[in-house]
Amino acid sequence: MALAISMEGIEARARELGVDLSAVDLDSITLPAGEDFGILSDDEEILRNEDPPELEMGLSNIIVVDNLPVVPPEKFDKLENVIRKIYSQIGVIKENGLWMPVNPETKKTYGYCFIEYNTPQEAELAREKTNGYKLDKSHIFAVNMLDDFEKYMKVPDTWTPAEIKPYTPGENLLKWLTDEKARDQFVIRAGTLTEVYWNDARKLAPELVFQKQYWTDSFIQWSPLGTYLATVHRQGSQVWGGENGFERLMRFAHPMVKLIDFSPGERYLVTYSSHEPSNPRDTHRVVLNVFDVRTGKVMRDFKGSADEFTTGGNVGVSGVSWPIFRWGGGKDDKYFARLGKNVISVYETDTFSLLDKKSLKVENVVDFSWSPTDPIISLFVPEMGGGNQPARVSLVQIPGKEELRQKNLFSVSDCKMYWQNNGEYLAVQVDRYTKTKKSTYTGFELFRIKERDIPIEVLELENKNDKIIAFAWEPKGHRFAIIHGDGPRPDVSFYTMRTANNTSRVSKLTTLKAKQANALFWSPAGRFIVLAGLKGFNGQLEFYNVDELETMSTGEHFMATDIMWDPTGRYLATAVTSVHEMENGFQIWSFNGKHLYKVSKDHFYQFIWRPRPPSLLTPEKEEEISKNLKKYSKKYEQEDQDAFNQLSEQERKRRTQLQEEWDSWVAKWKQMHEEERAYRRELRDGEASDEEEEYEAKEVEVEEVVDVTEEVLAFDLDQE
1 MALAISMEGI EARARELGVD LSAVDLDSIT LPAGEDFGIL SDDEEILRNE
51 DPPELEMGLS NIIVVDNLPV VPPEKFDKLE NVIRKIYSQI GVIKENGLWM
101 PVNPETKKTY GYCFIEYNTP QEAELAREKT NGYKLDKSHI FAVNMLDDFE
151 KYMKVPDTWT PAEIKPYTPG ENLLKWLTDE KARDQFVIRA GTLTEVYWND
201 ARKLAPELVF QKQYWTDSFI QWSPLGTYLA TVHRQGSQVW GGENGFERLM
251 RFAHPMVKLI DFSPGERYLV TYSSHEPSNP RDTHRVVLNV FDVRTGKVMR
301 DFKGSADEFT TGGNVGVSGV SWPIFRWGGG KDDKYFARLG KNVISVYETD
351 TFSLLDKKSL KVENVVDFSW SPTDPIISLF VPEMGGGNQP ARVSLVQIPG
401 KEELRQKNLF SVSDCKMYWQ NNGEYLAVQV DRYTKTKKST YTGFELFRIK
451 ERDIPIEVLE LENKNDKIIA FAWEPKGHRF AIIHGDGPRP DVSFYTMRTA
501 NNTSRVSKLT TLKAKQANAL FWSPAGRFIV LAGLKGFNGQ LEFYNVDELE
551 TMSTGEHFMA TDIMWDPTGR YLATAVTSVH EMENGFQIWS FNGKHLYKVS
601 KDHFYQFIWR PRPPSLLTPE KEEEISKNLK KYSKKYEQED QDAFNQLSEQ
651 ERKRRTQLQE EWDSWVAKWK QMHEEERAYR RELRDGEASD EEEEYEAKEV
701 EVEEVVDVTE EVLAFDLDQE
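Last residue of the sequence shown: 720 in UniProt numbering, with the numbers rising by one and none dropped.
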């Protein structure tokens, strides 16, 4: 193992070798992937992958559990097994780490015990989760940390007033939202650099905010409301933010972390790692930690084999589905759940334990999803018993676990669930077998969640055999779009859940025929959508206004791999990442398809807009602003005009500078021409004038004899 080398040691060694470190550009040195040559960076001092020495742990990994039953010797083992079963679920109890003192006179226990965990974090979690635990009516646990007793013993007998420290305001983590130009930020990762920019569309160029080399070991990720930027390292994850630039706000120690996921309200961070087993026949070992983002404290950890975490979701690392935990219940971060075998395990963040201490049992359940705004779970159960028991989609209310609605489905091949972001609608895409079982066709079950009894409508396409390529709800709206068809140019259809005559009836708005599109990207504000042709369509873009049912413009970003709207719906970014070796970089477009600017970056890995928190305006206030938009827009129209004038002034100054440079160059050559006048006169045999019109041009013909010798020789040969 490489030894850790201090900077002082490096400087001393450099002096011995006669090397001047000040002349060495350290930033230009790139280490091989995964190698640090034993030199610890400032990010590694706390997160280094080493267990702290046991002697330095003190008593912080030991808890005292009081109010236990007082039992005779014949019941020792039974009580110990009960306690061990409760506390081993929270963390690893050390060998001989559970001790119940016994009264030597009565031979009975004293009614308390000591439990020693491997780490202080496990002990603290056990105290939080079991203090007040009701074993039975007569025994409610009182749990304390052992080192708390020492702390309380040191409390002086004489009271002294507490020292009042002066208030120091914390970092304003939302300062970026007060930008006078109302610009949005984005972060990119290219090569070894990670950079944060303002999107300055008026200047047709991004403005650099912050830049750092080797900021992350693998990837970067914004928190859902844009407060934090997370980086991922071998020793764990970190979050950054602040008023002026990006300062490290918190570290989350988790060796070999591979994936992270924030809760919707940014209160918690889930980190994931998988470790290869010592026995090749075994599956990977998975470790998940749930951290409190503000304190960095581990609220709950989950450990097990990869097989325990492979049900449902999108395949992530080592075959494990990701995200393993799905957050629900809106932005309160009150519940999270994961899919298991025949169960959905729902946890509440008040205690970080199972809701009602048991999982929701659903036989053969294969998928579920939360409503984005309410504690409602939609779940899918496929057919069982060879079709004798139909498939079904159910809506379950949490925490009561009450079934709100159920729909049985027959001859089902596959099922996908799509929630509208306001939680008003749920679309269930159902692929069904034909009678011959040789092919499938697709329909949609549309749930109106907010209406009484949750009515369901069935939608089938005009050609129900069309393959469904993409489906997307309009954000904050009532419309949805579908790309469907089997040919190289599929159709795009738009539907609405509201009509003028009947507000509870789905109807089609229009169908666009033969489009080069295979992906849908709605503006976050609704109304506008981009029909994108990725992969085989080489980055075709069509900007469509759904209100007017008309195409605003078309464009192309050749080889585009990613398309992202900014959180306000004003601008669109298209990117070509390092999936392709050429054309790496990104382009920015206006909402109506006007190309604004392009930035090329080699080895381009990520582009992510910084999310914004929800608006603080009430719906009524937003409606008022929309009605009086002309009044409010005058100010911004003037700002736009000022910006345009500024650009025009900058362009005028640029052209003036070019003219001045040209005039200077001409003057320089005129001066040189004047200085060489005498020399030119000498070359003209005393002629004084340099004017071309004072000269007379004459054509002179000159005859020249060529190859006389060859002609004579040729004549002599003819004579012979």
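Every residue gets a Cβ at the ideal spot worked out from N, C-alpha and C, and that includes glycine.
Is the distance from the Cβ of residue i to the Cβ of residue j below 8 Å?
i           : j           : result
residue 561 : residue 575 : yes
residue 493 : residue 499 : no
residue 115 : residue 97  : yes
residue 504 : residue 451 : yes
residue 371 : residue 340 : no
residue 368 : residue 390 : no
residue 573 : residue 522 : no
residue 198 : residue 259 : no
residue 484 : residue 475 : no
residue 194 : residue 175 : no
residue 566 : residue 184 : yes
residue 477 : residue 423 : no
residue 130 : residue 93  : no
residue 286 : residue 303 : yes
residue 379 : residue 324 : no
residue 392 : residue 416 : no
Can you tell me whether residue i is buried or exposed? The criterion is at least 16 other CB atoms within 10 Å of its CB, across all chains shown.
i           : result
residue 384 : exposed
residue 721 : Lying outside 1 to 720, the shown extent of the chain, residue 721 is not represented and no answer is given.
residue 250 : buried
residue 50  : Note that residue 50 scores 42 on pLDDT, short of 50, meaning its location in the model is unreliable and no value can be drawn from it.
residue 665 : exposed
residue 52  : Because residue 52 carries a pLDDT of 41, less than 50, the predicted location of this residue cannot be relied on, and no value is offered for it.
residue 56  : Low confidence applies to residue 56: its pLDDT is 49, below 50, so where it sits in the model is not reliable enough to give any reading.
residue 428 : buried
residue 529 : buried
residue 164 : exposed
residue 543 : buried
residue 159 : exposed
residue 300 : buried
residue 539 : buried
residue 700 : exposed
residue 106 : exposed
residue 677 : exposed
Short of 6 Å in beta carbon distance, which residues of its chain neighbour residue i, apart from the five on each side in sequence? Order them along the chain.
i           : result
residue 480 : 473 and 495
residue 43  : A caution first: residue 43 carries a pLDDT of 48, below 50, which makes its placement in the model unreliable, though a value can still be read off. No residues qualify anywhere along the chain.
residue 469 : 483, 490 and 518
residue 91  : 117 and 122
residue 245 : 210
residue 70  : 108, 109 and 111
residue 421 : 372 and 475
residue 283 : 305, 306 and 307
residue 405 : 395 and 454
For residue i, collect the residues of the same chain with a Cβ closer than 7 Å to its Cβ; drop the 5 residues on either side in sequence, then sort them by chain order.
i           : result
residue 625 : 632
residue 705 : none
residue 103 : 110
residue 232 : 216, 217, 218, 219, 257 and 260
residue 132 : 140 and 141
residue 401 : 360
residue 314 : The predicted position of residue 314 is uncertain, since its pLDDT is 49 and thus under 50; no value can be drawn from it.
residue 419 : 369, 371, 372 and 426
Beta-carbon within less than 8 Å of residue i's beta-carbon, same chain only, minus the 5 sequence neighbours each way: which residues are those?
i           : result
residue 585 : 575, 576, 598, 599, 600, 601 and 604
residue 549 : 494, 509 and 510
residue 147 : 58, 59, 60 and 62
residue 112 : 64, 65, 66, 67, 68, 100 and 101
residue 277 : 283, 284 and 285
residue 127 : 63, 143, 144 and 145
Any Cβ of chain B within less than 8 Å of the Cβ of residue i?
i           : result
residue 142 : Here chain B cannot be found, since the structure has a single protein chain.
task = Would you mind listing the alpha helix (DSSP H) stretches within the region 140-227 that are 4+ residues and don't spill past its ends, in chain order?
result = As far as the region 140-227 is concerned, its whole alpha helix (DSSP H) runs of at least 4 residues are 146-153.
key: contact_flag[the region 221-241, the region 200-207] where n(CB pairs < 8 Å) is 3 or more   = The answer is no - the region 200-207 does not touch the region 221-241, with fewer than three Cβ pairs under 8 Å.
Within the UniProt domain "RRM" (61-148), ranges of the alpha helix (DSSP H) (whole runs, at least 4 residues) = You should have 76-88 and 120-130.
key: the region 542-557 touching the region 591-601, judged by at least three CB pairs closer than 8 Å   = Inter-segment contact for the region 542-557 and the region 591-601 is present: three or more beta-carbon pairs are separated by less than 8 Å.
ask   = Fully enclosed by the region 468-503, which beta strand (DSSP E) runs are 3 residues long or longer?
value = Every unbroken stretch of the beta strand (DSSP E) spanning 3 or more residues and falling wholly within the region 468-503 is given here in chain order: 468-473, 479-484 and 491-496.
ask   = At what residue ranges does the region 270-300 contain a whole run of the alpha helix (DSSP H), taking only runs of 4 or more?
value = Within the region 270-300, no complete alpha helix (DSSP H) run reaches 4 residues.
Unbroken stretches of the alpha helix (DSSP H), 4 residues or longer, contained in the region 551-636 = With a minimum length of 4 residues, the unbroken runs of alpha helix (DSSP H) contained wholly in the region 551-636 fall at 619-627.
task = Check whether the region 430-448 touches the region 457-477, taking contact to mean three or more Cβ pairs, one atom from each stretch, closer than 8 Å.
result = The region 430-448 is in contact with the region 457-477.
ask   = Okay, do the region 255-269 and the region 329-336 touch, 3+ Cβ pairs below 8 Å being the bar?
value = Remark: three or more beta-carbon pairs, one from each stretch, lie closer than 8 Å, so the region 255-269 and the region 329-336 are flagged as touching.
ask   = At which residue ranges does the region 350-431 contain complete beta strand (DSSP E) runs of 3 or more residues, listed in the order of the chain?
value = If we require 3 residues or more, the beta strand (DSSP E) runs fully inside the region 350-431 come out as 367-370, 376-381, 391-397, 402-409 and 412-419.
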